[in-house]
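**Student:** Heads up: the sequence shown runs through residues 22 to 211, numbered per the numbering used here.
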Amino acid sequence: MKEKVKHNAFLIVVMTLIVALDQWTKLLVMHKFEVGEGIAPIPALGDFFRIIHWRNTGAAFGLFQNANTVLLVLSIIIVIAVLYYYQLVKANAWLAKVSLALILSGAIGNIIDRIKLGYVVDFLSFGRFPVFNVADSAVTVGVFLLAIQYMLEERKALKQKEEEQTEKTCKECATDKEIEEVVYKVEDTE
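Pasting the structure below:
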């Protein structure tokens with residue numbers, strides 16, 4: 022029971038921090054800039070990196086514009102699925118826990134915007150890449166870490182399967198004593 026509390030406390034702490042950071046940064050941008058307005062805060066980078074107030078009524082990369090209700094329902098389904106899957110993750114599977122906590126945090130951050138505003142506030146702009154926010158970053162990093170976790174698990178399972186196969190093959194092989202007996206018998210017959 023104590024492990025379960027620690028397991029869930031980790032999720033709550035990460036989620037609280039990421040959602041708070043996401044909402045705080047969005048609030049700053051909304052109060053500082055009108056929609057479409059922004060700045061290039063690092064002169065050396067010119068317009069490559071900008072902070073710009075942007076309203077996103079769709080999903081990532083500008084897809085599904087004006088589909089707020091559908092995206093809201095989809096996001097809620099994702100939150101439920103992540104919460105369910107998180108409970109299945111072992112307490113010591115840190116990479117999986119972190120990745121799911123990030124995905125959940127990002128989804129919740131954008132859900133808050135969709136419910137409260139009817140759109141998502143984006144503000145980070147790098148070159149020609151679509152404008153995004155802290156919540157989007159959390160989801161992206163979370164998915165990336167989850168993919169790494171999956172690849173590590175696959176590699177571990179493959180290695181374990183190879184070891185089992187080697188062990189099985191070795192059990193089918195003759196023992197050293199059996200080989201010595203055969204060699205001894207062959208030498209005796211010569």
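Every residue gets a Cβ at the ideal spot worked out from N, C-alpha and C, and that includes glycine. What you are looking at is a predicted structure, and each value in this text was computed from that prediction instead of being measured.
By Cβ distance, which residues of its chain are closer than 7 Å to residue 147, with the 5 residues on each side in sequence left out?
**Tutor:** As a first step, residue 147 is located in the sequence shown; it is residue number 126 there, counting from the start. Here the set comprises 69, 70.
**Student:** Using the three-state DSSP reduction, which class does residue 77 fall into: helix, strand or coil?
**Tutor:** Looking up residue 77 in the sequence shown gives position 56. In this structure, residue 77 counts as strand in the three-state DSSP scheme.
**Student:** What number of angstroms, rounded off, separates the C-alpha of residue 156 from the C-alpha of residue 187?
**Tutor:** As a position in the sequence shown, residue 156 is number 135, starting the count at 1. As a position in the sequence shown, residue 187 is number 166, starting the count at 1. Their Cα atoms are separated by approximately 46 Å.
**Student:** Quick check on residue 168: buried or exposed, where buried means 16 or more other Cβ atoms within 10 Å of its Cβ?
**Tutor:** Position 147 of the sequence shown holds residue 168. The residue in question, residue 168, is exposed, as its Cβ has fewer than 16 Cβ neighbours within 10 Å.
**Student:** How close, in whole Å, do the beta carbons of residue 153 and residue 143 come, if the pair is a contact with beta carbons under 8 Å?
**Tutor:** The count along the sequence shown starts at 1 and reaches residue 153 at position 132. The count along the sequence shown starts at 1 and reaches residue 143 at position 122. Sure, about 5 Å apart at Cβ, within 8 Å.
**Student:** Residues in the same chain with beta-carbon distance under 7 Å from residue 89, minus the five sequence neighbours each way, listed in chain order, please.
**Tutor:** Working through the sequence shown from its first residue, we reach residue 89 at position 68. The residues are 78, 135, 139, 140.
**Student:** Under 8 Å, do residue 35 and residue 122 count as touching if we go by C-beta distance?
**Tutor:** Residue numbering aside, residue 35 sits at position 14 when the sequence shown is read from its first letter. Residue numbering aside, residue 122 sits at position 101 when the sequence shown is read from its first letter. In this structure, residue 122 lies closer than 8 Å to residue 35 by Cβ.
**Student:** Less than 7 Å between C-beta atoms, sequence neighbours within five positions excluded: which residues of the same chain meet that for residue 15?
**Tutor:** There is simply no residue 15 to check, as the chain begins at 22 and stops at 211 in what is shown.
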